[in-house]
Amino acid sequence: MIFLDAAATTPVRREVLEAMWPYLTGEFGNPSSHHNLGEAAANALSGARAAVAKALGCRPGEITFTSGGTEADNLAVKGIALARRAGHPALNRVVISAIEHPAVEESALYLQRVHGFEVDVVPVDRNGVVTVEALRAALSPETALVSIMYANNEIGTVQPVRQLAEVAAEHGVPFHTDAVQAAGWLPIGVKELGSTR
Numbered sequence: 004m005i006f007l008d009a010a011a012t013t014p015v016r017r018e019v020l021e022a023m024w025p026y027l028t029g030e031f032g033n034p035s036s037h038h039n040l041g042e043a044a045a046n047a048l049s050g051a052r053a054a055v056a057k058a059l060g061c062r063p064g065e066i067t068f069t070s071g072g073t074e075a076d077n078l079a080v081k082g083i084a085l086a087r088r089a090g091h092p093a094l095n096r097v098v099i100s101a102i103e104h105p106a107v108e109e110s111a112l113y114l115q116r117v118h119g120f121e122v123d124v125v126p127v128d129r130n131g132v133v134t135v136e137a138l139r140a141a142l143s144p145e146t147a148l149v150s151i152m153y154a155n156n157e158i159g160t161v162q163p164v165r166q167l168a169e170v171a172a173e174h175g176v177p178f179h180t181d182a183v184q185a186a187g188w189l190p191i192g193v194k195e196l197g198s199t200r
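The sequence shown begins at 4 in the working numbering and counts up one residue at a time.
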């Protein structure tokens, strides 16, 4: 069989399998446990967190591991929007692009259906790009969050995330990007992508 969707799902590389094998077969400690296996797992987890933080250009304490992109998108979109509205009830809008990954789109629609948020969908141009002007037009004083994916998993469009994040920051709105498809292909450092922290 010839598999041509290696951007979304890939076989496990031998190096990854070899690195994970000890934890899959014997060193399976709970990193919260206070015994040798637990402490070894905690050290391994700490090392992994430090490596990811280095790749992203952030602090290890800023890394939260999830089971994958879908869980991470749900956590970010729902968590940020709900937390912001809890502090400021008028913040009841979420802005997404017309070509978002279903994990982000469904999270926004959940907020609409269950929590009464409005979802503002930013159109893309003929090349699938969200322009700064289109994002600016979609923002309002009630916007709680902007979420626009970095690299589209279906059409391959790379969004000008840094510029879009700057527009959101000008309006005091947190900016989330699903960068799963970009990892390994494009710069993914938080400062390169426009982090204002």
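For each residue, glycine too, the CB sits at the ideal point set by N, CA and C.
Beta-carbon separation of residue i and residue j under 8 Å?
i    : j    : result
H167 : I191 : The sequence given here has Leu at residue 167, not His. No. Outside cutoff.
N155 : I102 : yes
V149 : A137 : no
R165 : G197 : yes
I99  : G131 : no
G72  : A51  : no
Which residues mark the beginning and the end of the alpha helix (DSSP H) in which residue i is found?
i    : result
A43  : 39-59
A75  : 72-90
W24  : 17-28
Q115 : 105-118
Q166 : 164-173
Ordered along the chain, which non-local residues of its own chain (more than five positions away) have a Cβ less than 8 Å from that of residue i?
i   : result
G96 : In the sequence as displayed, the identity of residue 96 is Arg instead of Gly. Counting only Cβ-Cβ distances below 8 Å, and skipping sequence neighbours, we find F120, E121, V122, D123, S143, E145, T146, A147.
A43 : E30, G32
Counting along the chain, where does the beta strand (DSSP E) carrying residue i start and finish?
i    : result
I99  : 96-100
V124 : 121-125
A147 : 146-150
Going by C-alpha to C-alpha distance, which of the options sits closest to residue i?
i    : options                : result
T160 : A185, S35, A56         : A185
V133 : R116, Y153, G60        : Y153
L189 : F178, R139, V176, Q162 : Q162
A47  : C61, I5, A22           : A22
V176 : K194, E108, E195, R88  : R88
G82  : S110, S70, V55         : S110
L85  : M4, L20, A171, V117    : V117
A182 : A75, A171, L7, E65     : A75
V135 : L40, I5, H91, E173     : E173
N77  : L94, H91, Y113         : Y113
S35  : S49, A140, E65, A58    : S49
In chain order, what residues of the same chain lie with their CB nearer than 6 Å to the CB of residue i, ignoring the 5 residues before and after it?
i    : result
G60  : G192, V193, K194
A79  : H179
E169 : G197
Can you find the residues in the same chain that come closer than 7 Å, C-beta to C-beta, to residue i, ignoring five residues on each side of it along the sequence?
i    : result
E108 : I99
T69  : A75, L78
Quick check: does the Cβ of residue i come within less than 7 Å of any heavy atom belonging to the ligand COA?
i   : result
A89 : Only the bare structure without any ligand can be found here, which leaves the ligand COA out of the picture.
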